[in-house]
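Heads up: the sequence shown at position 290 corresponds to 1328 in this note's numbering, and the numbers run straight through without jumps.
All C-beta atoms in this analysis are idealised placements derived from N, C-alpha and C, irrespective of residue type, glycine included.
Remember, it's a predicted structure, so these values are computed and weren't measured experimentally.
In what follows, a single structure is set out as structure tokens and then discussed.
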Amino acid sequence: MAKIYPQAYFGNAIVPIESANLSIASSAVLYGLSVYTVFPVCIGPDGKLLAFRLHDHWTRLVNSAKIIGIDTFARDWTEEKFQKAVQEVIAQNSITEDVFVRVTIHVSDLVPGVRSRGLGTTLSIFIYEAACILPANGARLKTSVWRRVPDYAIPSRAKVNGAYVNSVLARQDALDSGYDDCLFLDVSGHVCELSAANVFLVRDGVLHTPSHSSDILEGISRRTILAIARDMGMTVSERTIDLTELYVADEVFACGTSAFLTPVLEIDKRVIGNGEIGPISAKLKEVYFDVLHGKNPNYKDFLTEY
Ligand code: PMP
């Protein structure tokens, strides 16, 4: 079990995590009708806490609510109020390590039936230790028999809690077969993403990743890696990707808040490259780590300091 910090934000106040509870009769519990985001808060060189790309996480959260039709939330919350709530919950916990901060908008009205508009919401924030969801040295993936939910069923670009049952099905199946995570294909059989991370491949020095129209979550780490790679002078390509392109890639890696940047060393029993982290993945991993920890002045704008 991950270590969870004792103070949470719930409704409009800081409360002990044990008291931050939703009713069993809420739409959040009944239908998974909540949207969320998770961002890292890392320890900077001078010991200050650094939250990563808060504005982008807020924007994605608001957009997730908009897609699902959770429309009372934007009335009650502004970005400024959100930033203050994050600051408050960080201040109320003694944080001396890198952590993840999970922010969720729950539809909390009781027994309203399957709809989304005009219902009351509750915002929660809690903090937990930044444990990587993949083995840090490299992951082994299994292509899933379960396909990623398409935009016309449950849109992946909306980070909606209920849709994570799709990830649970696919990842548990991969774990049951002795792998570290699943590789999702989209409904047309193209490469999509992992259960909770985006995927990249390197071939002949070019970085490729599935485009936003491949039913991926629009990952904020993904966007960051693309920016870093472009700034390093690399050619990057966001496009439709075939599964077998991954098999013959020089390097494959996954990225996401909870996956950081993790090399993928094997997919469906095919060894990727020479079975070790490749030079481009290693460089991107190093730069990304430095960016998160405030050690790269070029990306300071991504960080909010506490
Ligand atoms: N895809 C899925 C399905 C995810 O759950 C996540 C984690 N939020 C990601 C990709 C990576 O997104 P981010 O970089 O914003 O954490």
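Kindly indicate which residue of the options has the alpha-carbon position closest to the one of residue i.
{"i": "Glu-1276", "options": "Gln-1125, Pro-1248 and Ile-1055", "result": "Pro-1248"}
{"i": "Thr-1273", "options": "Asp-1242, Glu-1283 and Leu-1179", "result": "Asp-1242"}
{"i": "Thr-1262", "options": "Lys-1180, Asn-1175 and Phe-1090", "result": "Phe-1090"}
{"i": "Ile-1279", "options": "Arg-1268, Glu-1231, Ile-1133 and Gly-1311", "result": "Glu-1231"}
{"i": "Asp-1219", "options": "Asp-1306, Phe-1340, Lys-1104 and Ala-1169", "result": "Asp-1306"}
Three-state secondary structure (DSSP) at residue i?
{"i": "Phe-1164", "result": "strand"}
{"i": "Phe-1222", "result": "coil"}
{"i": "Pro-1248", "result": "strand"}
{"i": "Asp-1153", "result": "This sequence places Arg at residue 1153; Asp is not what is there. Note: Arg-1153 maps to coil in three-state DSSP."}
{"i": "Ser-1064", "result": "strand"}
{"i": "Asn-1236", "result": "strand"}
{"i": "Val-1203", "result": "helix"}
{"i": "Val-1100", "result": "helix"}
{"i": "Arg-1185", "result": "coil"}
{"i": "Leu-1299", "result": "strand"}
According to DSSP, residue i sits in a beta bridge with which residue or residues?
{"i": "Gln-1045", "result": "Pro-1054"}
{"i": "Gly-1316", "result": "According to DSSP, which records beta bridges pairwise, Gly-1316 is partnered with nothing at all."}
{"i": "Leu-1088", "result": "Cys-1080 and Glu-1343"}
{"i": "Glu-1304", "result": "Arg-1178 and Val-1309"}
{"i": "Gly-1158", "result": "None; Gly-1158 has no bridge partner."}
{"i": "His-1144", "result": "Ser-1072 and Thr-1160"}
{"i": "Ser-1194", "result": "The partner list for Ser-1194 (beta bridge, DSSP) is empty, contrary to what the question assumes."}
{"i": "Phe-1120", "result": "DSSP output for Phe-1120 lists no bridge partner at all."}
{"i": "Val-989", "result": "This structure does not reach residue 989, given that the chain is present from 1039 up to 1344, and the question cannot be answered."}
If you count every other CB in all the chains shown that lies within 10 Å of the CB of residue i, and 16 or more means buried, which is it?
{"i": "Ser-1146", "result": "buried"}
{"i": "Arg-1155", "result": "exposed"}
{"i": "Pro-1150", "result": "buried"}
{"i": "Tyr-1337", "result": "buried"}
{"i": "Glu-1343", "result": "exposed"}
{"i": "Glu-1056", "result": "exposed"}
{"i": "Ala-1177", "result": "buried"}
Between which two residues does the beta strand (DSSP E) harbouring residue i extend?
{"i": "Lys-1180", "result": "1177 to 1181"}
{"i": "Glu-1289", "result": "1289 to 1294"}
{"i": "Val-1274", "result": "1274 to 1277"}
Starting from residue i, trace the alpha helix (DSSP H) in both directions and tell me its first and last residue.
{"i": "Tyr-1285", "result": "1281 to 1285"}
{"i": "Arg-1260", "result": "1258 to 1269"}
{"i": "Ala-1112", "result": "1111 to 1114"}
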